[in-house]
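Trainee:
In our numbering, the protein residues as written are 29 to 331.
(1) Give me the residue from 212, 151, 184 with the minimum Cα distance to residue 65.
(2) Since residue 112 is in the alpha helix (DSSP H), which residue starts that stretch and which ends it?
(3) Buried or exposed for residue 342, going by 16 or more other Cβ atoms inside 10 Å?
(4) Determine contact between the segment 33 to 53 and the segment 65 to 77, defined as no fewer than three beta-carbon pairs at a distance below 8 Å.
(5) Considering Cα atoms alone, identify which of 44, 57, 288 is closest to residue 178.
(6) Can you tell me whether residue 298 is buried or exposed? The criterion is at least 16 other CB atoms within 10 Å of its CB, across all chains shown.
(7) At what residue ranges does the segment 55 to 103 contain a whole run of the alpha helix (DSSP H), taking only runs of 4 or more?
(8) Go ahead and label residue 113 buried or exposed: buried means 16 or more other beta carbons lie within 10 angstroms of its beta carbon, across all protein chains shown.
(9) Using the C-alpha atoms, what's the distance from residue 176 back to residue 283?
(10) Cβ of residue 198 within 9 Å of Cβ of residue 257?
(11) Report buried or exposed for residue 254, applying the criterion of at least 16 other Cβ atoms within 10 angstroms of its Cβ.
(12) Quick check: the segment 226 to 246 against the segment 297 to 312, are there 3 or more CB pairs under 8 Å?
(13) May I ask which residues mark the beginning and end of the alpha helix (DSSP H) holding residue 308?
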C-alpha cells in the first residue's frame, strides 16, 4: 500500500508538471500565434504529452500515460471556455458534461491502478514484440497517436465555444447521446468491477455485457459522437438531420468520432478479443452469441 501511494505521488507530480508545461507553452504560443487556438492547443498538448512520456520512460512504465486520455479533454474544454468571446449557460453545460465524463473515467482508471510495477498486459506484450524499439513504439503508438485521437475528437469545441447558441433540436439529440454514453460507460465499468470481485468463474459479466461484448467502448465512442453533434449544432446548421456534418466548413468535425470508432473497432477490440480467447477458450462461445460493439439481443444465453 505504501509503495502504491508513493507511485501515485510520482504520477501526480508527472501530471502537475505536464499541466504547467502546457500552460507555459500556451502562453508563449499565444504571443507567437495570436487567435490561432487550434495551433496553440496542439503545441500545449504536445508539451504535456512529452512530460508524461518522460515520466513513463524514467519509471519504465507506459501506464503513466493512461489517465491522459480522460484528463486532457477537461483542460481543453476549460481553455475554450476561457478564450470564448462570451460565456453562455450552454457553454457551461457542455463543459460540465466533458468534466463529468473525464472525472469519472479518470477515477475508474486510477481505481484499477496497481502502481508503476503493474504494467498493462498490452504494454507488456508490445515490450516483448518490439524489443529494443519498445520506447520508440511507446512514444508513437501509446502516447502520440492516442493524444492525436483525443485532440481531433475535441475539435468540435472550437465551434461550440465560438458560437453563443446552437440548434435546439440538435442540442437535445446531442444531450441524449452524450449523457446516455456517460451512463453506459459508468454502468458497464461498474458491472465489470463487480464481476471481477465475485470470481464467479463465468465468462462474461451480467447486465450490459450480455448485449455487447464491449459496452464501455460503445459508450466511449458515442460520447465523442455527442460532442460532434454539439459542434454541428453550434455551427447553426439546418435542423434537417440529413445535413449533419455538411457545409459551412463543419464537415471535418466528423473525423473525431470516425477516428474513435476505428481506433476501438480496428485496434483495441481485436487485441482484447485475441487475448481473452487465449486465456479463456469459453470466450469463443461468448463471441458467437453476443454482439461485439453495438448492443443487440444475444443469440443464446451466455454463461
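Idealized CB from N, CA, C, for every residue including glycine. If you're wondering where the values come from, they're calculated on a predicted model, not measured in any experiment.
Mentor: Reading off the structure:
(1) 184
(2) First-last for residue 112: undefined, no H or E at that position.
(3) Any question about residue 342 goes unanswered here, given that the chain covers just 29 to 331.
(4) yes
(5) 288
(6) exposed
(7) 65 to 87
(8) exposed
(9) 11 Å
(10) yes
(11) buried
(12) yes
(13) Run containing residue 308: none; DSSP gives neither H nor E here.
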